[in-house]
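Below is one structure, written out as structure tokens; comments come after it.
Protein chains in written order, with our numbering: chain A, 1 to 296; chain B, 297 to 639; chain C, 640 to 947.
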């Protein structure tokens with residue numbers, strides 16, 4: 001057959017889905033905006049002293065509720081602490097908890113999803129029921145109990161909240177991984193690799209995983225934003241971070257009752273928290289759009 | 297009670313003596329991000345009461361788009377009718393207001409679609425979907441409308457109509473579903489029925505039953521039937537006349553026996569040679585060379601020229617061949633129709 | 640239909656025991672001193688210790704403990720909170736206002752999500768569509784811990800449009816602001832799913848048929864398209880209920896509404912173990928039952944499921 005459309009594709013440089021997605025992303029302004037925002041937030045979490053020279057813990061009651069100054073952009077809270085410095089330093093624990101709980105959830109979800117999708121049958125049935133059971137418990141209710149369980153007295157709660165969220169939020173990642181693996185498993189190239197004698201480990205990690213990874217990464221991006229918000233909620237309720245820890249959720253919880261007198265300590269951590277979640281949602285959306293062949 | 301049939305009958309300019317349906321120089325294009333696709337480029341044909349006109353062509357030739365333009369259900373945007381007339385009894389439907397137009401649908405001109413499973417709403421019973429017509433167009437009560445729905449299912453020979461009226465589309469077999477579609481189209485006694493590939497999704501035996509049913513109902517009601525198909529076998533049995541479409545144009549129009557006896561356009565000839573015929577044993581089947589043109593990039597001159605064995609220099613230049621009257625009641629858009637007829 | 644219900648019921652029973660078992664295990668398993676864990680960092684009197692040990696059968700084996708926990712739960716016996724009040728009594732006095740709040744939130748969210756979702760789907764790419772897209776993006780980025788205090792501060796305190804707090808017998812108006820806040824936690828996803836679903840369904844063949852039948856555009860959208868489009872939205876309700884519960888805990892706490900959520904939040908703050916255990920258990924069960932109801936609703940809306 002002399003199909004002109006077939007000739008046209010041969011001429012072109014071979015392109016992969018990832019390559020297509022990247023060339024798509026490169027031209028997407030929302031992707032760049034959210035990526036830059038995410039980088040700034042990560043930098044803020046790692047090196048807060050780059051953003052402010054003030055010490056968030058050195059507070060002088062003399063400064064109580066003072067308005068913004070050149071050094072303290074957002075003014076001072078009821079303890080006379082620099083709100084800008086506290087907000088910047090609040091990124092640290094918020095991001096740390098969000099990042100590590102998402103990594104943990106991703107790892108659990110990856111293993112669950114891979115095993116359920118690859119082996120199928122009874123293993124899939126058991127694992128899928130397990131996912132249903134975890135989904136049967138509203139996140140916050142389980143987190144309230146688990147987080148209180150895990151944190152010892154005098155602890156700052158960072159590990160407890162990270163582990164709690166990691167253990168409770170892996171279900172969506174597992175489901176997405178499972179369905180992509182099931183879809184990838186049916187592809188001819190996987191059968192071909194199996195016939196050529198590739199073992200299950202090689203099949204999974206060399207052939208199936210690379211093709212199932214994109215939707216999985218999108219879910220993790222969205223989960224990262226969600227987990228940062230969940231940490232804030234737990235901290236707000238008093239079962240999250242405490243003591244020396246400094247997160248946006250804690251700051252919102254402390255500032256809320258004084259909102260009438262001084263709004264800045266409530267508004268700025270709220271704004272930073274919302275901006276962070278927004279950045280991750282937009283990043284996830286942009287990646288999903290780039291990888292979704294239906295939109296091409 | 298609002299009887300819309302009466303309202304339709306007083307459409308301004310309606311002339312009972314005018315031809316039932318006449319399409320003149322219809323142009324439809326789709327404006328998409330990848331460019332303008334010219335789906336229909338000057339289609340013209342007519343239809344008389346009790347007559348069956350087959351519109352024949354490969355997929356993408358504009359036959360379904362033409363049907364949707366006649367019905368006024370073209371998705372717009374991206375579809376736009378840029379030129380032409382759709383005259384029903386002398387009234388140009390394209391000039392009517394949308395609400396006037398809506399009353400013509402189902403009342404005067406109705407349509408059935410290829411895939412009845414997706415063309416019926418999955419979440420409502422067939423009874424609801426039939427009764428809806430009587431409720432919306434005739435203002436009937438729920439009970440009366442339902443009784444009419446049962447009568448209709450009876451008329452299209454669905455066994456146990458009284459109980460099946462409460463079933464959902466997915467509970468019917470393919471053939472029965474297409475009968476439901478036909479019942480729905482005929483509910484308001486239209487004068488024109490457009491059937492867009494009505495049997496393509498069905499088994500061969502069921503195909504024959506459905507075509508038989510359509511012919512029976514057409515005879516009873518003296519309806520004009522436009523049968524859109526790519527299947528020349530179906531056409532030979534039921535059609536009175538054939539319009540062959542290529543790249544959005546009617547390239548040949550003729551009574552059905554004339555076309556089978558001697559095609560007047562190279563494309564029609566190619567179509568005929570590509571189907572097996574029982575009366576010509578041992579014939580060589582030939583596929584048509586190449587592919588239909590992309591609608592965003594239709595060749596200059598005769599759109600068929602790159603695939604045509606008769607093509608010479610004039611075929612490659614605008615304007616496209618006019619509709620030559622090659623015999624009484626026959627036209628073909630080919631400069632070399634004499635040679636084609638002669639072969 | 641019958642087979643569908645039976646299958647869903649069996650699945651739910653399995654999930655039910657699994658979920659309650661997990662909740663129970665989270666609370667009592669692997670604790671050096673479960674009683675200390677129940678009361679937090681407060682000192683424990685010997686009588687309290689004895690009471691709690693008996694209450695939760697802590698001297699028995701693990702499965703026996705679970706058995707007693709479940710049978711107490713299912714007979715409505717939730718024990719006493721550390722403040723000495725009966726937990727089931729606290730629950731029954733606090734749920735009416737929570738239910739009112741939640742119903743208001745659900746109605747607000749559903750009306751906005753469906754109306755705006757359908758409208759932006761019909762006019763996709765238009766000004767309204769892009770506006771709602773931006774708006775939902777902002778809402779998605781605002782966790783309830785941000786939304787509730789900030790809304791209270793702006794609309795309750797600074798502008799004074801709404802009361803900043805609400806009591807047990809709160810009027811419709813007093814509950815309106817918290818209900819809107821709660822609605823905001825779910826409306827964005829609902830709206831987006833409705834929009835996507837309507838866009839897909841508008842392209843469906845049956846819509847072409849409905850138009851060929853000469854039906855008015857309004858009838859095509861609100862009768863033919865909407866019913867089909869709501870099917871995926873209904874499945875979302877199950878997930879939304881969990882979000883609403885979490886949202887209600889924070890919202891009620893912020894607006895001082897004496898409902899189930901704020902009682903639970905207080906219990907968490909005061910480390911009232913028995914209260915938290917009791918409330919969470921009941922809420923988990925409620926969540927599972929509501930999910931079953933949603934499944935049945937789903938079947939009512941989609942005949943293809945019913946006759947599977």
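Backbone N, C-alpha and C fix where the C-beta goes; we use that ideal spot for every residue, glycine too.
Look at the alpha carbon of residue 625 of chain B and the alpha carbon of residue 557 of chain B, and state the distance between them as a whole number of angstroms.
Cα-Cα distance, rounded: 15 angstroms.
Do you know how far the Cα of residue 282 of chain A is from the Cα of residue 235 of chain A?
Their backbone Cα atoms lie some 25 angstroms apart in a straight line.
Can you tell me the Cβ-Cβ gap for residue 898 of chain C and residue 433 of chain B, rounded? I've got them flagged as a contact below 8 angstroms.
About 52 angstroms separates the two Cβ atoms, so there is no contact after all.
For residue 8 of chain A, which of helix, strand or coil comes out of DSSP?
Reliability fails at residue 8 of chain A, whose pLDDT of 38 lies under 50, so the model's placement of it is uncertain and the value that follows must be treated cautiously. Note: residue 8 of chain A maps to helix in three-state DSSP.
Just checking: is the beta-carbon of residue 134 of chain A within a distance shorter than 9 angstroms of some beta-carbon in chain C?
Yes, residue 134 of chain A lies at the interface with chain C (some Cβ there is under 9 angstroms from its Cβ).
Considering Cα atoms alone, identify which of C:893, C:846 and C:900 is closest to residue 761 of chain C.
Looking at the Cα atoms, C:846 is the closest of the given residues.
Under 8 angstroms, CB to CB, which of the residues in the region 897-912 of chain C have a partner in chain A?
If the cut-off is 8 angstroms between Cβ atoms, the region 897-912 of chain C has 903, 904, 907, 908 and 910 near chain A.
Taking the alpha helix (DSSP H) that residue 458 of chain B falls in, what are its first and last residues?
Note, residue 458 of chain B: alpha helix (DSSP H), 457-460.
Of the choices A:112, A:238 and A:165, whose alpha-carbon is the least far from that of residue 182 of chain A?
Closest option to residue 182 of chain A, Cα to Cα, is A:112.
Per DSSP, what kind of secondary structure is residue 934 of chain C in: helix, strand or coil?
Helix, per DSSP.
Exposed or buried, which one is residue 633 of chain B when buried takes at least 16 other CB atoms within 10 Å?
Residue 633 of chain B comes out buried.
At what residue ranges does the region 690-769 of chain C contain a whole run of the alpha helix (DSSP H), taking only runs of 4 or more?
Runs found: 701-713 and 726-761.
Return the residues of the region 113-142 of chain A that lie within a Cβ-Cβ distance of less than 9 angstroms from chain C, sorted by chain order.
So the list reads 129, 130, 132, 133, 134, 135, 136, 137, 138, 139, 140, 141 and 142, given in the order they occur along the chain.
Along the beta strand (DSSP E) that carries residue 834 of chain C, what are the first and last residues, could you check?
Run containing residue 834 of chain C: none in the beta strand (DSSP E); it sits in the alpha helix (DSSP H), 811-841.
Does any C-beta atom of chain C lie closer than 9 angstroms to the C-beta of residue 277 of chain A?
Yes, residue 277 of chain A counts as interfacial toward chain C.
DSSP three-state call for residue 222 of chain A: helix, strand or coil?
If DSSP states are grouped into helix, strand and coil, residue 222 of chain A belongs with the helices.
In whole angstroms, what separates the C-alpha of residue 9 of chain A from that of residue 158 of chain A?
For residue 9 of chain A, the predicted model reports a pLDDT of 38, less than 50, meaning its position is unreliable; a value from the coordinates is still stated below. Distance between the alpha carbons of residue 9 of chain A and residue 158 of chain A: 53 angstroms.
Grouping DSSP H, G and I as helix and E and B as strand, with all else coil, what is residue 519 of chain B?
If DSSP states are grouped into helix, strand and coil, residue 519 of chain B belongs with coil.
Measuring straight from C-alpha to C-alpha, what distance separates residue 935 of chain C and residue 242 of chain A?
Residue 935 of chain C and residue 242 of chain A: Cα-Cα distance of roughly 43 angstroms.
Residue 612 of chain C touches chain A at which residues, Cβ-Cβ below 8 angstroms?
Because chain C here runs from 640 to 947, residue 612 of chain C falls outside it and cannot be looked at.
Residues of chain C with CB under 9 angstroms from residue 521 of chain B, in chain order?
Per Cβ cutoff of 9 angstroms: no residues; residue 521 of chain B is ~16 angstroms from chain C at best.
What beta strand (DSSP E) runs, 3 residues minimum, are completely inside the region 337-404 of chain B?
Fully enclosed beta strand (DSSP E) runs of 3 or longer: 348-352 and 375-384.
Flag residue 743 of chain C as yes if its beta-carbon sits less than 9 angstroms from any beta-carbon of chain A, otherwise no.
No, residue 743 of chain C lies away from the interface with chain A (no Cβ there is under 9 angstroms from its Cβ).
State the beta-bridge partners of residue 331 of chain B as determined by DSSP.
Paired residue(s): B:328.
Is any heavy atom in the ligand COA found nearer than 8 angstroms to the beta carbon of residue 553 of chain B?
You won't find the ligand COA in this model; it holds no ligand whatsoever.
Could you tell me whether the Cβ of residue 944 of chain C comes closer than 9 angstroms to any Cβ of chain A?
Cβ-Cβ to chain A under 9 angstroms: no for residue 944 of chain C.
For the region 229-248 of chain A, which residues have a beta carbon sitting closer than 7 angstroms to at least one beta carbon of chain C?
Answer set for the region 229-248 of chain A: 229, 232, 233, 236, 237, 238 and 239.
Give the straight-line distance between the Cα atoms of residue 912 of chain C and residue 720 of chain C, rounded to the nearest whole angstrom.
Cα-Cα distance, rounded: 8 angstroms.
Just list the alpha helix (DSSP H) runs in the region 105-188 of chain A, keeping only unbroken ones of 4 residues or longer that don't cross its boundaries, in chain order.
121-135, 139-150, 158-168 and 171-185, all fully within the region 105-188 of chain A.
Near residue 832 of chain C, which residues of its chain fall below 7 angstroms by C-beta distance, leaving aside the five closest residues on each side in sequence?
Here the set comprises 871, 872 and 875.
Can you pull the chain A residues whose beta carbon is under 9 angstroms from the beta carbon of residue 654 of chain C, in chain order?
By Cβ distance, chain A contributes 129, 132, 133, 135 and 136.
Using a cut-off of 9 angstroms between C-beta atoms, extract the partners of residue 202 of chain A located in chain C.
Neighbours of residue 202 of chain A on chain C: none; closest Cβ ~34 angstroms, over 9 angstroms.
Residue 176 of chain A versus chain C: which residues are under 7 angstroms apart at the beta carbon?
What residue 176 of chain A touches in chain C: nothing, since even the nearest Cβ is about 15 angstroms away.
Using the beta-carbon of each residue, which ones in chain A are nearer than 7 angstroms to residue 666 of chain C?
Going along chain A in sequence order, the residues near residue 666 of chain C (Cβ under 7 angstroms) are 145.
Can you give me the Cβ contacts of residue 250 of chain B inside the same chain, cut-off strictly under 6 angstroms, excluding the 5 residues immediately before and after it?
Lying outside 297 to 639, the shown extent of chain B, residue 250 of chain B is not represented and no answer is given.
List the residues of chain C that residue 252 of chain A touches, going by C-beta distances under 8 angstroms, in chain order.
Those within 8 angstroms of residue 252 of chain A in chain C are 784, 785 and 788.
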